[in-house]
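2 protein chains.
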Amino acid sequence: MARSTVLVTGMSGLIGGALRSHLAARYELRALNRRPVEGVPCHQADVADLEAIQPAFKGVDAVVHLAASVGMSAPFDEILRANVVGTYNVLEASRRAGVRRVVYASSGATVSGYERDMPYRALAEGRYDAAPAWTPLTHETPVRPAGLYGVSKVWGEALARHYADAHGLSVICVRIGHVTAEDRPRSPRDFSVWCSQRDIVRMIELCLAAPDTLRFDVFFAVSNNTWGYRDLDHARQVLGFQPLDAAETYR
Amino acid sequence: MARSTVLVTGMSGLIGGALRSHLAARYELRALNRRPVEGVPCHQADVADLEAIQPAFKGVDAVVHLAASVGMSAPFDEILRANVVGTYNVLEASRRAGVRRVVYASSGATVSGYERDMPYRALAEGRYDAAPAWTPLTHETPVRPAGLYGVSKVWGEALARHYADAHGLSVICVRIGHVTAEDRPRSPRDFSVWCSQRDIVRMIELCLAAPDTLRFDVFFAVSNNTWGYRDLDHARQVLGFQPLDAAETYR
């Protein structure tokens with residue numbers, strides 16, 4: 001039986017690299033990337049150019065859309081091009097090509113504006129005595145984006161909902177926490193929002209493997225952090241996601 | 252005492268016209284409009300051009316941002332230019348000019364995707380026997396945008412939240428229902444989502460007059476419709492909004 005073909009945008013990034021090593025044995029991987037990616041079929045193009053990226057989607061079963069401008073201080077023009085237009089183009093190209101599912105790399109930045117207020121501020125600052133009890137934010141909590149980056153991820157999720165409703169495209173949004181190159185927490189805030197490389201990779205794999213009937217959903221992805229404030233119950237219930245790592249291990 | 256200066260974008264539209272007649276006696280009105288608007292100081296420019304619109308914001312106390320591409324079938328490029336970039340530009344120009352408050356014309360289209368499913372579908376289709384009971388959607392219900400237009404309004408609300416948090420700009424989002432030129436319902440759906448001209452005008456005036464401490468909020472604006480599904484309690488509690496009209500009057 002033929003393995004599913006999965007197109008990964010932004011494979012040259014940190015999560016893209018981790019995903020590649022993990023999925024290579026189970027999926028037929030392809031890359032859509034601005035820079036060349038060695039060792040997998042790579043279509044070199046910019047997600048901001050719909051016509052240029054369209055050929056990469058031919059014969060693809062699922063897309064993992066990681067490509068984005070990730071800087072919290074990126075200028076508006078870059079966010080607009082890479083994230084706002086880029087995500088529209090990836091969903092539109094997926095629709096045109098008859099792709100079955102898109103896994104969209106959203107971000108905890110859709111809600112991390114809550115870290116401006118207590119008790120989430122205390123958690124993000126590592127002042128745990130100031131945060132004796134807190135309610136986790138769920139995927140249904142009103143968004144509160146941090147930065148234009150966070151705003152652009154809210155846009156992507158809304159677009160995903162529209163494509164699922166209007167075009168039947170299955171789009172699963174993963175609000176990824178802080179994945180680090182060292183693969184360990186590196187700031188006080190990371191003890192709340194860190195996500196290990198293997199945890200994000202397993203989450204994305206669960207999204208790829210979820211039944212076709214899952215048309216649209218939103219999940220947080222962080223490790224099992226003692227001081228986390230992002231709900232993981234929903235991902236556990238729907239996808240069976242159980243993080244293997246925890247930031248607290250590194251204290 | 253000097254009256255407040257209010258800049259209205261898109262004054263040549265239906266709501267802009269109604270707003271103008273109502274506010275002219277109480278506010279010093281100005282227009283930012285692509286087409287000329289007679290009888291008020293009008294800065295002619297396109298909201299898609301930040302540098303071109305900036306002069307219109309000088310000395311302005313509050314902005315009512317109505318300008319938008321409103322077509323449910325408008326192409327992506329138009330939505331991107333007029334709504335996505337346009338709303339960023341209006342908020343950014345407001346921030347630079349030290350504007351106190353922006354009232355953002357959001358839309359019920361941020362949630363009208365729920366009309367795809369029961370019981371909201373029955374309400375929107377006028378099949379009232381099929382909808383014996385329903386829970387109103389509130390400003391905290393997860394968005395479910397209809398069309399790229401609805402997606403662009405979710406973007407605007409997220410951007411508003413970011414500007415309120417990061418820059419202290421007060422932005423109030425009004426999810427406007429269906430305002431008609433005839434000023435009465437004209438389809439079965441309107442018996443659920445119609446908003447009379449005087450109801451939307453009063454809502455916007457309440458948003459302009461709300462205390463400075465109201466930094467960010469989201470309200471639905473529809474008339475007091477028997478078959479409505481959009482919560483009005485929040486607007487009543489926070490702003491004292493009481494619709495004067497009701498679609499049912501026209502049955």
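These protein sequences, in sequence, are chains A and B. 1 is the number of the first residue of the first sequence in my numbering; add one for each residue after it. 252 is the number of the first residue of the second sequence in my numbering; add one for each residue after it. Heads up, the beta-carbon is just placed ideally off N, CA and C, and yes, glycines get one too. None of these values were measured; they are calculated from a predicted model.
With residue i and residue j assumed to form a contact (beta carbons below 8 angstroms), what rounded beta-carbon distance in angstroms separates them?
{"i": "V534 (chain B)", "j": "H273 (chain B)", "result": "Limits of chain B in this structure are 252 at one end and 502 at the other, which puts residue 534 (chain B) out of reach."}
{"i": "T260 (chain B)", "j": "A318 (chain B)", "result": "4 angstroms"}
{"i": "C424 (chain B)", "j": "S357 (chain B)", "result": "4 angstroms"}
{"i": "N89 (chain A)", "j": "V47 (chain A)", "result": "6 angstroms"}
{"i": "I455 (chain B)", "j": "V315 (chain B)", "result": "6 angstroms"}
{"i": "L270 (chain B)", "j": "A307 (chain B)", "result": "17 angstroms between Cβ atoms; not a contact."}
{"i": "P436 (chain B)", "j": "A382 (chain B)", "result": "Their Cβ separation, rounded to whole angstroms, is 17 angstroms, which puts P436 (chain B) and A382 (chain B) out of contact at 8 angstroms."}
{"i": "R481 (chain B)", "j": "G407 (chain B)", "result": "About 18 angstroms; that fails the 8 angstroms criterion."}
{"i": "T338 (chain B)", "j": "L410 (chain B)", "result": "6 angstroms"}
{"i": "A282 (chain B)", "j": "V291 (chain B)", "result": "5 angstroms"}
{"i": "A221 (chain A)", "j": "I176 (chain A)", "result": "5 angstroms"}
Could you tell me whether the Cβ of residue i comes closer than 7 angstroms to any Cβ of chain A?
{"i": "P393 (chain B)", "result": "yes"}
{"i": "P396 (chain B)", "result": "yes"}
{"i": "G419 (chain B)", "result": "no"}
Answer yes or no: does any C-beta atom of chain B fall closer than 7 angstroms to that of residue i?
{"i": "V99 (chain A)", "result": "no"}
{"i": "W155 (chain A)", "result": "yes"}
{"i": "R116 (chain A)", "result": "yes"}
Using a Cβ cut-off of 8 angstroms, pull out every chain A residue sitting near residue i, in sequence order please.
{"i": "G401 (chain B)", "result": "A158 and H162"}
Between the options, which has its C-alpha nearest residue i's C-alpha?
{"i": "G419 (chain B)", "options": "B:A348, B:T500, B:A472 and B:A269", "result": "B:A348"}
{"i": "R449 (chain B)", "options": "B:W406, B:S438 and B:T431", "result": "B:T431"}
{"i": "D380 (chain B)", "options": "B:D484, B:W478, B:R502 and B:R277", "result": "B:W478"}
{"i": "T213 (chain A)", "options": "A:F241, A:P188, A:F220 and A:D165", "result": "A:D165"}
{"i": "E343 (chain B)", "options": "A:F76, A:A210, A:V84 and A:E92", "result": "A:F76"}
{"i": "Y278 (chain B)", "options": "B:R466, B:L459, B:N475 and B:R487", "result": "B:L459"}
{"i": "F470 (chain B)", "options": "B:Y400, B:P439, B:L388 and B:A397", "result": "B:L388"}
{"i": "P119 (chain A)", "options": "A:G108, A:W134 and A:M11", "result": "A:W134"}
{"i": "L399 (chain B)", "options": "B:V321, B:P439, B:E366 and B:R367", "result": "B:V321"}
{"i": "R440 (chain B)", "options": "B:G377, B:Q493, B:M262 and B:S345", "result": "B:G377"}
{"i": "A373 (chain B)", "options": "B:L495, B:P287, B:P462 and B:S443", "result": "B:S443"}
{"i": "R346 (chain B)", "options": "B:D368, B:S324, B:D312 and B:M323", "result": "B:D312"}
{"i": "C195 (chain A)", "options": "A:V238, A:N225, A:A24 and A:L206", "result": "A:N225"}
{"i": "S12 (chain A)", "options": "A:R3, A:V37 and A:R30", "result": "A:V37"}
{"i": "H429 (chain B)", "options": "B:A461, B:M323, B:G310 and B:T256", "result": "B:M323"}
{"i": "N334 (chain B)", "options": "B:T256, B:L301 and B:E366", "result": "B:L301"}
{"i": "A275 (chain B)", "options": "B:R254, B:G491 and B:R367", "result": "B:R254"}
{"i": "V238 (chain A)", "options": "A:P211, A:V171, A:L244 and A:R251", "result": "A:P211"}
{"i": "D514 (chain B)", "options": "B:R286, B:I330, B:T500 and B:G491", "result": "Any property of residue 514 (chain B) remains undetermined from this structure, which presents chain B solely from 252 to 502."}
Taking Cβ-Cβ distances shorter than 7 angstroms, what residues in chain B pair up with residue i?
{"i": "Y88 (chain A)", "result": "F327"}
Residues of chain A with CB under 9 angstroms from residue i, in chain order?
{"i": "D416 (chain B)", "result": "G113, R116, R144, P145 and A146"}
According to DSSP, which residues form a beta bridge with residue i?
{"i": "Q44 (chain A)", "result": "A:N33"}
{"i": "L137 (chain A)", "result": "A:R230"}
{"i": "V314 (chain B)", "result": "B:L258 and B:V353"}
{"i": "A221 (chain A)", "result": "A:I176"}
{"i": "F216 (chain A)", "result": "A:V171"}
{"i": "E279 (chain B)", "result": "B:T256"}
{"i": "S358 (chain B)", "result": "B:I427"}
{"i": "G194 (chain A)", "result": "Here residue 194 (chain A) is Trp; the residue named in the question, Gly, does not match the sequence. According to DSSP, which records beta bridges pairwise, W194 (chain A) is partnered with A:H178."}
So with CB distances below 9 angstroms, who are the chain B contacts of residue i?
{"i": "L80 (chain A)", "result": "L331, V335, V336 and Y339"}
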